[in-house]
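Notes to accompany the following structure.
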Amino acid sequence: MTEHRSPTTTKVTAMIQAHADLLLQHGIAAGLHASRPAAGTVNEFYFSTDLGIWAHGNGTGWDECQGLSEAYIQGLIDASITILKDYVDSMVQGLDWQPSVLDELATPPGSPTEGDRYLVIATATGDWAGHEKDITEWNGTSWDFTTPNKGFAVWIEDVGRQKNYNGTDWVAFGSTVDHGNLVNVTPDQHHTAPAYDPAEDEIVFQI
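Under the working numbering, the residue at position 14 of the sequence shown is numbered 1416, and the numbers go up by one with no gaps.
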């Protein structure tokens, strides 16, 4: 078995660690019960992976979450993991993030505020006619348009989702993830999942 280490692994690993630290700042942690800090920070959650016990920090110790909904806690964790995964995926693919847009519209809004941004969809009308797939921004008196390049990515605030431009269309983020979009991955490396090697602080592709 041969190990192939991507030159980008250190960068990706650093991002993963940074965002893992961010999750800790938001009060979500997990590990062995014996590794749990003696005093939990107020509103911090800790899951003892060996005992399957949730605890809630009270500032001086821990309160076991007997009455707290597991679905609620899991929802917090799932949301954080989704944000982390989307961010790391986008960085690996080399997406070019643009400022967020308010919505996807075909018709210009009646009373825009300076700085309002939209993704123009078919069939565009009025001042937006002929600018389908462009990003438009109201400058106070008129609309400015940006024609997307392949790799553009944007957050759509109205629906709370990400889209990226694949060179032809704006598509939901994740629907174009394939090994051809990854950096320094040979054609066969998509067959096995990469693994993090803590000893080397790298992500390793096993073939």
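Virtual Cβ for every residue (Gly too), placed ideally from N, Cα, C.
These figures come from a predicted structure and were not determined experimentally.
Check, Outcome
"Bridge partner(s) assigned by DSSP for Val1444", "According to DSSP, Val1444 bridges with nothing at all."
"Cβ neighbour criterion (16 or more within 10 Å) applied to Ala1524", "exposed"
"Beta carbon of Phe1457 nearer than 8 angstroms to that of Gly1433", "Note that residue 1457 corresponds to Ala in the displayed sequence, not to Phe. No, these two residues do not count as a Cβ contact at 8 angstroms."
"Distance CB(Asp1560)-CB(Thr1548) smaller than 8 angstroms", "no"
"C-alpha distance - Trp1530 paired with Thr1451, whole-angstrom precision", "54 angstroms"
"Boundaries of the beta strand (DSSP E) in which Gln1564 is found, first to last residue", "Arg1563 to Tyr1567"
"Proximity winner among Thr1462, Asn1541, Ala1508 and Trp1540, relative to Gly1532 (alpha-carbon distances)", "Ala1508"
"Helix, strand or coil at Asp1529 [DSSP, three-state]", "helix"
"Start and end residues, beta strand (DSSP E) containing Glu1639", "Absent from the structure is residue 1639, since the part of the chain shown begins at 1403 and ends at 1609."
"DSSP bridge partner residues for Glu1559 (one or two, in chain order)", "Note: Glu1559 sits in no beta bridge, so no partner."
"Reduced DSSP secondary structure (H/G/I, E/B, other) of Ala1436", "helix"
"Buried or exposed by the 16-neighbour rule on C-beta atoms within 10 Å, applied to Arg1519", "buried"
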